[in-house]
Amino acid sequence: MANNRCNKYLITIYKLFYKLMGNGKNKNKIEKRLFSIFIIVVYFIMAVLGLELLLLSSNMDIGKIGDFFGGVLNPILTFFTFLALLITIILQQKELSLSRKELAETQKATRDSATALEAQSESIKLQNFENTFFNMLELHNKIASRFDGKIEIRGEYNFKFIDNLSMKRLITANNSFSSIYSSLLKELNECNSFDYSYKYKNYLIFKDNNIKNIKTVHTANSLKSLNEEEKLEMRKNFLKGEFYNQLNSSYFIYNEWNESFDRHTGHYFRNIYQILKFIDNSSVKDKKFYSNILRAQLNQDELGLLFYNSVSIKGIKMLRFIIKYEFLEHLNYNKRFCNKDLQLYKNEALKFDKDYPNKAFGKNDKFAKAIARL
Numbered sequence: 067m068a069n070n071r072c073n074k075y076l077i078t079i080y081k082l083f084y085k086l087m088g089n090g091k092n093k094n095k096i097e098k099r100l101f102s103i104f105i106i107v108v109y110f111i112m113a114v115l116g117l118e119l120l121l122l123s124s125n126m127d128i129g130k131i132g133d134f135f136g137g138v139l140n141p142i143l144t145f146f147t148f149l150a151l152l153i154t155i156i157l158q159q160k161e162l163s164l165s166r167k168e169l170a171e172t173q174k175a176t177r178d179s180a181t182a183l184e185a186q187s188e189s190i191k192l193q194n195f196e197n198t199f200f201n202m203l204e205l206h207n208k209i210a211s212r213f214d215g216k217i218e219i220r221g222e223y224n225f226k227f228i229d230n231l232s233m234k235r236l237i238t239a240n241n242s243f244s245s246i247y248s249s250l251l252k253e254l255n256e257c258n259s260f261d262y263s264y265k266y267k268n269y270l271i272f273k274d275n276n277i278k279n280i281k282t283v284h285t286a287n288s289l290k291s292l293n294e295e296e297k298l299e300m301r302k303n304f305l306k307g308e309f310y311n312q313l314n315s316s317y318f319i320y321n322e323w324n325e326s327f328d329r330h331t332g333h334y335f336r337n338i339y340q341i342l343k344f345i346d347n348s349s350v351k352d353k354k355f356y357s358n359i360l361r362a363q364l365n366q367d368e369l370g371l372l373f374y375n376s377v378s379i380k381g382i383k384m385l386r387f388i389i390k391y392e393f394l395e396h397l398n399y400n401k402r403f404c405n406k407d408l409q410l411y412k413n414e415a416l417k418f419d420k421d422y423p424n425k426a427f428g429k430n431d432k433f434a435k436a437i438a439r440l
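Numbered by this note's numbering, the letters in the sequence shown go through residues 67 to 440 in order.
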């Protein structure tokens with residue numbers, strides 16, 4: 067019981083002392099208060115000593131004076147030892163606090179350094195990307211500048227016929243995007259209005275797979291036995307079917323046209339594809355910003371050619387980039403884009419983006435409405 071009471075008293079005294087010291091919140095205040103206590107105690111001791119000396123001055127008994135100093139010095143020395151211990155603890159706490167502060171500052175400096183290095187690394191990556199991108203853009207502009215309209219370029223269709231005759235359809239244009247695009251539109255308009263049974267009454271135009279289909283129905287001997295009127299009738303009937311639909315589609319016409327002009331325009335489209343692919347594979351945050359820079363280099367004729375190229379056999383890989391980066395947003399809508407052309411685009415676009423088949427045109431409402439009507 068006595069020990070418990072003693073412990074309670076000690077705890078109470080410690081709490082009072084801790085409260086007196088300011089709850090350890092401010093180390094400078096603790097030092098000042100300890101010093102104040104030290105001064106008070108010193109003055110108190112001096113006062114007690116002075117009082118005792120006065121009382122003993124009347125009777126100078128050396129033995130009593132010795133006992134007095136012996137009894138007084140022991141608690142005083144103990145008290146000073148206690149104060150020294152407290153000061154040592156406080157100094158250690160202060161040093162520990164400084165060490166913690168220095169450690170925190172070191173950690174912060176390390177984090178800042180790591181952040182700076184990361185930012186520097188990102189900056190170097192961006193700089194390398196932009197150097198390559200603008201070099202590719204410069205190459206694109208050099209390629210585009212060669213389409214200056216100063217020379218004439220030619221393309222040709224090489225057709226096969228059922229009666230082993232051959233025909234070449236020549237197409238000419240100046241090497242400018244305006245002339246090339248006009249030749250394509252002219253070809254699309256003419257081919258869409260062909261009367262095959264009249265214009266090609268002596269020929270049947272078809273690809274190798276259609277040759278096989280014909281021969282499964284009409285053997286070579288049976289074809290030879292037909293007279294000219296019967297051959298013409300057979301051709302008319304055949305042209306009204308699936309093969310006619312194939313020949314009369316923008317997809318077939320553009321692919322034939324593209325084959326004929328590929329040696330003139332192929333590298334131009336391939337370079338655009340490589341630039342878009344480079345942007346898409348990069349780690350830059352705003353990829354749309356750089357695709358917009360590329361798009362800004364293209365005029366209306368180039369955008370129109372790009373529209374047809376992106377749904378062709380050779381250009382179909384580029385369509386996903388055209389859709390993703392809304393690359394045709396600034397293409398002007400007009401009657402040159404017939405429903406069959408837009409339907410062809412929609413069919414191919416749905417394979418990449420089922421929810422937004424008109425996404426390649428971005429905020430271009432005219433194309434969005436035209437596609438919605440299909």
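Beta carbons are placed, not taken as given, at the ideal position from N, Cα and C, and that holds for glycine.
- Judged by beta-carbon spacing, residue 419 lies beyond the 8 Å limit of residue 388, meaning their Cβ atoms are not closer than that value.
- A contact between stretches requires three or more CB pairs, one per stretch, nearer than 8 Å, and the region 206-216 meets this requirement with the region 240-253.
- Contact check for residue 411 against residue 357 fails: the beta carbons are separated by 8 Å or more.
- The continuous alpha helix (DSSP H) containing residue 372 extends over residues 366-375.
- With respect to the 8 Å criterion, residue 396 and residue 371 are not classified as neighbours on the basis of their beta carbons.
- Taking 8 Å as the cut-off, the beta carbon of residue 349 is found closer than this to the beta carbon of residue 191.
- Judged by DSSP in its simplified three-state form, residue 357 adopts helix.
- A direct Cα-Cα distance of roughly 16 Å separates residue 206 from residue 195.
- Contact annotation: residue 378 and residue 324 have beta-carbon atoms nearer than 8 Å.
- With a contact defined as Cβ atoms closer than 8 Å, residue 209 and residue 339 miss out at about 13 Å.
- Counting along the chain, residue 405 sits inside the alpha helix (DSSP H) bounded by residues 405-418.
- If the five residues before and after residue 409 are omitted, its C-beta is found closer than 8 Å to the C-beta atoms of 440, all from its own chain and listed in chain order.
- Within the model, the alpha-carbon separation for residue 359 versus residue 173 is close to 42 Å.
- Boundaries cannot be given for residue 213, as no alpha helix (DSSP H) includes it and DSSP labels it neither H nor E.
- Residues of the same chain with a CB within less than 7 Å of the CB of residue 354, apart from the 5 flanking positions on each side, are 391 in chain order.
- Beta-bridge annotation (DSSP): residue 242 is paired with 214.
- Around residue 154, the same chain offers no residue with a beta carbon nearer than 6 Å, after the five sequence neighbours per side are excluded.
- In the three-state DSSP reduction, residue 393 falls in the coil class, being neither helix nor strand.
- Boundaries for residue 351: no alpha helix (DSSP H) harbours it, and the DSSP string shows neither H nor E there.
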